[in-house]
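Each residue of the first sequence is one higher than the one before, starting from 9 at the first, in the working numbering.
Glycine included, C-beta positions come from ideal geometry on N, C-alpha and C.
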Amino acid sequence: MTTHAIASDNHTYINQLSNHAGAEVVLKGWLYNMRSSGKILFPQLRDGTGVVQCVVLKNAISPELWEALKGLGQESSLVIRGTVRADSRAPGGYEIDVIDAEVLQQVHDYPITPKEHGTEFLMDHRHLWLRSRRQHAVLKVRHTVVQAVRNFLDNDGFTLCDSPIFTPAACEGTTTLFEVDYFDGEKAYLTQSGQLYNEATAAAFGKVYCFGPTFRAEKSKTRRHLTEFWMVEPEMAYATLDDVMNLSERMLSYIAAQVLEQRSEELKILERDTSKLESIVPPFPRIHYDDAVKFLHEGFEKGVLESKFEWGGDFGAPDETYISSQFKKPVMVSHYPAAVKAFYMARDPERPELALGVDVLAPEGYGEVIGGGERATSLEFLQEQIALHELPEEAFQWYLDLRRYGSIPHGGFGMGIERCTAWMCGIEHIRETIPFPRMLYRIRP
RNA sequence: UCCGCAGUAGCUCAAUGGCAGAGCAUUCGGCUGUUAACCGAAGGGUUGUAGGUUCGAGUCCUACCUGCGGAGCCA
Numbered sequence: 009m010t011t012h013a014i015a016s017d018n019h020t021y022i023n024q025l026s027n028h029a030g031a032e033v034v035l036k037g038w039l040y041n042m043r044s045s046g047k048i049l050f051p052q053l054r055d056g057t058g059v060v061q062c063v064v065l066k067n068a069i070s071p072e073l074w075e076a077l078k079g080l081g082q083e084s085s086l087v088i089r090g091t092v093r094a095d096s097r098a099p100g101g102y103e104i105d106v107i108d109a110e111v112l113q114q115v116h117d118y119p120i121t122p123k124e125h126g127t128e129f130l131m132d133h134r135h136l137w138l139r140s141r142r143q144h145a146v147l148k149v150r151h152t153v154v155q156a157v158r159n160f161l162d163n164d165g166f167t168l169c170d171s172p173i174f175t176p177a178a179c180e181g182t183t184t185l186f187e188v189d190y191f192d193g194e195k196a197y198l199t200q201s202g203q204l205y206n207e208a209t210a211a212a213f214g215k216v217y218c219f220g221p222t223f224r225a226e227k228s229k230t231r232r233h234l235t236e237f238w239m240v241e242p243e244m245a246y247a248t249l250d251d252v253m254n255l256s257e258r259m260l261s262y263i264a265a266q267v268l269e270q271r272s273e274e275l276k277i278l279e280r281d282t283s284k285l286e287s288i289v290p291p292f293p294r295i296h297y298d299d300a301v302k303f304l305h306e307g308f309e310k311g312v313l314e315s316k317f318e319w320g321g322d323f324g325a326p327d328e329t330y331i332s333s334q335f336k337k338p339v340m341v342s343h344y345p346a347a348v349k350a351f352y353m354a355r356d357p358e359r360p361e362l363a364l365g366v367d368v369l370a371p372e373g374y375g376e377v378i379g380g381g382e383r384a385t386s387l388e389f390l391q392e393q394i395a396l397h398e399l400p401e402e403a404f405q406w407y408l409d410l411r412r413y414g415s416i417p418h419g420g421f422g423m424g425i426e427r428c429t430a431w432m433c434g435i436e437h438i439r440e441t442i443p444f445p446r447m448l449y450r451i452r453p
């Protein structure tokens, strides 16, 4: 087989092998691992769609090729021509009997071996770690989460209206911003949320969403935090808190169903307990902040929680975990004290000290996966709030215009793609759910 | 930023204050059905950095660096 012939052949992907049983195919990929037994080699080939074991018999190929294949290291790139054979001993159900092969590059000393490695080493080699089966599976699930989100919203009448990444000021004013030099000495900030812009586009299109990277310069060092993460934020004109909760519930259920349907192989690799995902179906329990506080007091009395929670505060990670541990499904907690929520939240007319906001807490300790609510509609109220939070009113004039010209009840939420993906996968740390994570002390590779 | 833990071969880890070790990876050899294959051999070290205690420090002390886990904050 000449180089030209093998390189230009139409080739077959490993996940399509079942359509070619008994036929001769050309596979292009990388050596995932190799075992040998005297005059027989078992190279495992990886091509991005899957891994297949090939069988090379010494007396079936040329002596030169045998020598070349025998010495291949992990991640050598090669093209293989062979026959697809169903074999019950093979993990994927099929094996390749090798007829011919071409080695594009012979590799030695690939750093990531089939044995265990530490976190720092793997993160330093993230660009190579992505080739590993488990990382591959996590990112395929991420792909399906994103696809499900977009399909769900598109099919529900939402219009994609992306918000800017450079912003002139904080959306929420409370968290830390990444500052960048714009032109002529002006500062710009990387967006923390498309929320305020969504309210403008919702007034133009009715139901909208934005989807993109967001940035938080929080010095958080936990398994749930990245400094750069992807967020989908739907916003609906003429929507109430109930509408926002209904949408959250439907969207999360749809995502879980899609992941179960499309990523069963990957969930197997990740050893995910799929019954946990199967239980993500409406209705989700909905509890009032006051009731959540009651749970926390019970938890303290039982000795599960270390300190007694004071009404009025926001929940910490152990609090969220305790509340969500009371349920098998995601739980929606609403009517938080306004003091702990963003300035643009609408107030409960019966109890003005409460905000019409909702957090969706995922089970199994994955924490707040969605945060949202109904927005305030009154121009005067928002002006007061902006002053109260010591925000620059001038920067918010365009936003206040939305209350001057056709103000309406409206609401929406934001969902972190990585937190959702970590939850779907059942994995420990959010850093594996994005190809190249950006964290407090890590911006490389 | 605060609290806790760790840093020894390319990787994962051992080593009572007393000779620096193993498995994997690499190189060489053996094996016609291996499943993180196995068997044999070889090479591979300024024990994170700088001081200190001691006859003697990978081990004890101090500072710093790097990483991990957690808190606060948040999706």
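Asked	Found
Of the listed residues Phe303, Ala247 and Gly307, nearest to Phe421 (C-alpha basis)	Ala247
Close-in-space but distant-in-sequence residues of the same chain around Met423 (CB under 7 Å, 5 per side omitted)	Met239, Val240, Val377 and Ile378
Leu448 (DSSP reduced to helix, strand or coil)	coil
Selection from Tyr217, Tyr190 and Gly193 that minimises the alpha carbon distance to Gln203	Tyr217
Own chain residues within Cβ distance below 6 Å of Val188, not counting five before or after	Ala196
When Leu285, Asp281 and Tyr118 are compared against Val153, the one with the closest alpha-carbon	Leu285
Delimiting residues of the alpha helix (DSSP H) encompassing Ala76	Pro71 to Lys78
Ser171 versus Glu83, Ala346, Ser201 and Thr429, residue with shortest Cα-Cα distance	Ser201
Candidates Val115, Met432 and Ser140: closest to Ala124 by CA position	One detail in the question is off: residue 124 reads as Glu in this sequence, not Ala. Considering only alpha carbons, the answer is Ser140.
Where the alpha helix (DSSP H) containing Ile277 begins and where it ends	Ser272 to Ile277
Per-residue DSSP class, three states only, for Lys66	helix
Sheet register partners of Leu369 (DSSP bridge)	Val339 and Glu376
Terminal residues of the alpha helix (DSSP H) in which Asn27 lies	Taken as a continuous stretch (DSSP letters only), Asn27 belongs to no alpha helix (DSSP H), as it is neither H nor E.
Residue interval of the alpha helix (DSSP H) (run including Tyr330)	Ala325 to Ser333
Minimum C-alpha distance to Tyr118 - residue among Gln155, Glu382 and His133	His133
With 16 other Cβ atoms within 10 Å as the buried cut-off, status of Asn206	buried
Proximity of Gly90 and Val115 at Cβ, strictly below 8 Å	no
Rounded C-alpha distance that separates Gln391 from Gly380	21 Å
8 Å CB neighbourhood of Ile435 in its chain, flanking five on each side removed	Val146, Leu278 and Thr441
Cβ pair count under 8 Å reaching 3, the stretch 337-345 against the stretch 302-310	no
Trp38 classed as buried or exposed, judged by whether at least 16 other C-beta atoms fall within 10 angstroms	buried
Top-ranked residue by Cα proximity to Gly3, from Phe351, Lys337, Val289 and Ala363	Given that the chain is displayed from residue 9 to residue 453, the structure contains no residue 3 and the question cannot be resolved.
Meets three-Cβ-pair contact criterion under 8 Å: the stretch 252-262 and the stretch 220-229	no
Pair within 8 Å by beta-carbon distance, Leu77 and Pro99	no
DSSP-derived helix/strand/coil call for Gly414	coil
Counted within 10 angstroms of its Cβ, other Cβ atoms place Pro242 as buried (16 or more) or exposed	buried
Cys433 classed as buried or exposed, judged by whether at least 16 other C-beta atoms fall within 10 angstroms	buried
Residues sharing a beta bridge with Leu35, DSSP	Ile88
Rounded C-alpha distance that separates Ala211 from Asn18	50 Å
8 Å Cβ cutoff met for Tyr374 and Arg439	no
Per-residue DSSP class, three states only, for Ala300	helix
Secondary structure of Val60, DSSP reduced to three states	strand
N- and C-terminal bounds of the beta strand (DSSP E) containing Arg142	That residue, Arg142, is in no beta strand (DSSP E); its alpha helix (DSSP H) goes Arg141 to Asn163.
Arg359 classed as buried or exposed, judged by whether at least 16 other C-beta atoms fall within 10 angstroms	exposed
8 Å Cβ cutoff met for Pro371 and Ser332	yes
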